[in-house]
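In full-length UniProt numbering, the protein residues as written are 1 to 163.
Notes to accompany the following structure.
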Amino acid sequence: MTQVDDYDLKILTLLQSNGRLTNQELSDLVGLSASQCSRRRINLEQANLILGYHARLSPDAVGLGMVGLIEVRLKNHTPDYEDNFLQMVEAEPAIVDAFKTTGDADYLLKVAVADLASLSALISQLVAGHQSVSHVKTAVVLNRLKENGLMMKPAHKVRHKGA
């Protein structure tokens, strides 16, 4: 396991909020040379502490403005049932995050779909299309406040006269 020191932690934190930082920009913010930052970044990547770089897109930009959270309970926990469910999770592009959990549900799925009809179709597919699923419970996300550790910026704020 890779030892993470204060410099590595600062690099990780800075890259988490802006993965486009150059080694020179990291160097200025961390207080190390650009070559040291580059070596540390490469080591963090090779140790799988940095899993990748991506652009955070607005769900509306890709037509997936509705987010739902689906709790899933399996009929039983035999390897066949779990494998069947995990294959479905891997194959379904609407499922953006999946977590195995404790409590009433076995899994929690975060899904992103175009609209309520798409969410309904996905839920029907989960229940009817997979022998491993015994029960689902769904919540629709009304407002996304914080994701991936970052506060979401409101699209706009409405001001009232006299306020």
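Ideal Cβ positions, reconstructed from N, Cα and C, are used throughout, including at glycine.
Pairing ALA112 with PRO59 gives a Cβ-Cβ distance under 7 Å.
Residue pairing by DSSP places GLU71 opposite LEU108 and LYS137 in a beta bridge. Residue pairing by DSSP places ILE95 opposite VAL111 in a beta bridge. For TYR53, there is no enclosing alpha helix (DSSP H), as DSSP marks it with neither H nor E. DSSP places LEU64 in the coil class of the three-state scheme, outside both helix and strand. In the structure shown, LEU145 adopts coil according to DSSP, grouped into three states.
The stretch 63 to 83 makes no contact with the stretch 19 to 31; the number of CB pairs closer than 8 Å stays below 3.
Using a Cβ distance threshold of 7 Å, LEU49 and SER132 do not count as a contacting pair.
Nearest C-alpha to ASN143 among LYS10, MET66, ALA117 and LYS110: MET66.
Per DSSP, reduced to three states, the secondary structure at LYS153 is coil, with no helix or strand assignment.
The beta-carbon separation of THR138 and ILE123, rounded to 6 Å, stays under the 8 Å limit for a contact. Taking a C-beta distance under 7 Å as the contact criterion, ILE11 and ARG40 qualify as a contact pair. Using a 10 angstroms sphere on the CB of ALA98, the tally of other CB atoms reaches 16 or more, which defines it as buried. In chain order, VAL30, LEU32 and ARG40 place their CB closer than 7 Å to the CB of TYR7, counting only its own chain and leaving out the 5 sequence neighbours on each side. Selection PRO154, VAL140, GLN3 and SER134 evaluated against ASN76 yields SER134 as nearest (Cα-Cα).
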